[in-house]
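Data block below; observations after.
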Amino acid sequence: MKNDRSFLQRALEIAEKGIVKGHGPFGAVITRADRILAEAANEVVISNDPTAHAEVLAIRRASSSLGTHDLSGCVLYTSCEPCPMCLGAIYWSGISKVIYASDRNDAEKSGFSDKLIYDEISLDPAERKISFIKLNDAGGEKIFRKWDDFDKKVPY
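Note that this note's numbering numbers the sequence shown so that position 129 is 144, with each residue one more than the last.
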């Protein structure tokens, strides 16, 4: 628990320092076996990249550092409860635990609301605010058959 608090404090320091650098108020640290693998601040605005959330950047850096997409056994410390995009990246990466300081309600009070996205995820694609159109018979299933038959695939 002591290391958890110190790593979470590091994520909060990154978030705080990031604010004056033009980053958003978010910071993340990824560890394995009590060793820091990666750190990141939110860089959405300064990089003109809506996916440059602190958690996603830290995942990219940790994966690069380890030379693998599998971050099993890693812990993510983040200044705020991850948004839906980051939550998906956490699950895809295999991170084993997430420890955070603030939650989505705290973020919403400061103008960062993920409520629309959480609400939209549960809807049928045809009912979402952004138009999602599936074109049947476009050949998409052929790609998955090719994947199924590919003998050198690396499952993830």
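Using N, Cα and C, we set each Cβ at its ideal position, and we do this for glycine too.
Just the Cα atoms here: how many angstroms apart are residue i and residue j?
i    : j    : result
I105 : E156 : 27 angstroms
L23  : Y92  : 5 angstroms
I61  : H38  : 7 angstroms
F165 : Y171 : 14 angstroms
I136 : G109 : 21 angstroms
S125 : S146 : 29 angstroms
I158 : I132 : 29 angstroms
V71  : R143 : 25 angstroms
D49  : N63  : 33 angstroms
L86  : L138 : 30 angstroms
K130 : C98  : 9 angstroms
V90  : I74  : 10 angstroms
Can you list, in chain order, the residues of its chain whose CB lies under 8 angstroms from that of residue i, leaving out five sequence neighbours each side?
i    : result
G103 : none
R76  : I45, L52, A53, E54 and A55
Given that a residue counts as buried once 16 or more other Cβ atoms are within 10 Å of its Cβ, and exposed if not, what is residue i?
i    : result
S21  : exposed
A141 : exposed
N120 : exposed
V169 : exposed
L150 : exposed
S148 : According to the sequence as given, residue 148 is Ile; it is not Ser. With fewer than 16 other Cβ atoms within 10 Å, it is exposed.
Near residue i, which residues of its chain fall below 6 angstroms by C-beta distance, leaving aside the five closest residues on each side in sequence?
i   : result
R25 : V44
Would you list the residues sitting across from residue i in a DSSP beta bridge?
i   : result
V71 : The partner list for V71 (beta bridge, DSSP) is empty, contrary to what the question assumes.
Cβ contact check for the segment 76-87 and the segment 56-68: 3 or more pairs under 8 angstroms: Cβ pair count under 8 angstroms is below three, so no.
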